[in-house]
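A short write-up of the structure that comes next.
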Amino acid sequence: LLIMKYIFSDELDNKLADILSLWADVIQQKSTIDLLGVVLEYIGTNKFCDDDFLKENLDKAFKNKGEEIMHSVADKWINKGITIGEKKAEKKGETKILAYLFEERFGKVPQQIKKQFNQVDDKLIEDLTRSFLSFNSINDYYLWWDKHYSARQ
19 LLIMKYIFSD
29 ELDNKLADIL
39 SLWADVIQQK
49 STIDLLGVVL
59 EYIGTNKFCD
69 DDFLKENLDK
79 AFKNKGEEIM
89 HSVADKWINK
99 GITIGEKKAE
109 KKGETKILAY
119 LFEERFGKVP
129 QQIKKQFNQV
139 DDKLIEDLTR
149 SFLSFNSIND
159 YYLWWDKHYS
169 ARQ
């Protein structure tokens with residue numbers, strides 16, 4: 019809460035190390051490092067708080083372990099980014115295959131359908147892929163879409 023109080027204040031320069039030092043005793047716990055990562059992301063939204071500023075304050079707060087903590091937090095951010103990227107790539111691949119199957123079976127697929135593929139969640143893509151085998155025409159898809167997608171909105 020103290021960070022929120024000072025985030026856009028000139029006093030943040032003087033207060034941040036003291037605020038972060040409150041975390042020093044519990045920083046070894048994984049959940050605490052995760053929470054600290056969220057706090058650092060929040061602090062990073064302040065245009066005056068660059069990486070050097072954060073490291074300097076972490077060093078003060080954690081007795082020169084700021085760089086180590088920054089690496090721990092950065093590793094978590096990187097892993098989170100990788101996971102998100104993998105999920106996006108997987109979904110893109112699934113929707114691309116689905117579009118290909120539609121084209122092979124029904125000819126040119128309207129752009130609207132391709133957009134719909136990209137809008138839905140993974141579960142709906144999976145359900146659609148299973149249902150695709152029973153479609154005899156593109157109209158079967160539209161009926162399926164109205165039944166399944168409309169129900170989720």
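Counted from 1, the sequence shown has number 45 at position 27 by my numbering; the numbering is strictly sequential.
Yeah, the Cβ is synthetic: ideal placement off N, Cα and C, and Gly gets one too.
Computed from a predicted model, the values in this text were never measured in an experiment.
Next on the checklist: Quick check on DSSP: helix, strand or coil for Leu161?
Outcome noted: helix
Next on the checklist: Comparing C-alpha positions only, which one of Trp163, Leu54, Val91 and Met22 sits nearest to Ile143?
Outcome noted: Considering only alpha carbons, the answer is Trp163.
Item to check | Expected contact under 8 Å - CB spacing of Leu53 and Leu72 to nearest Å | outcome: Contact doesn't hold; Cβ gap of about 15 Å is too wide.
Checklist entry - Between the Cα of Met22 and the Cα atoms of Tyr118, Ile61 and Ser39, which residue gives the shortest distance? => result Cα-wise, what sits closest to Met22 is Ile61.
Next on the checklist: Along the chain, where does the alpha helix (DSSP H) containing Ser39 start, and where does it finish?
Outcome noted: Leu30 to Ser39
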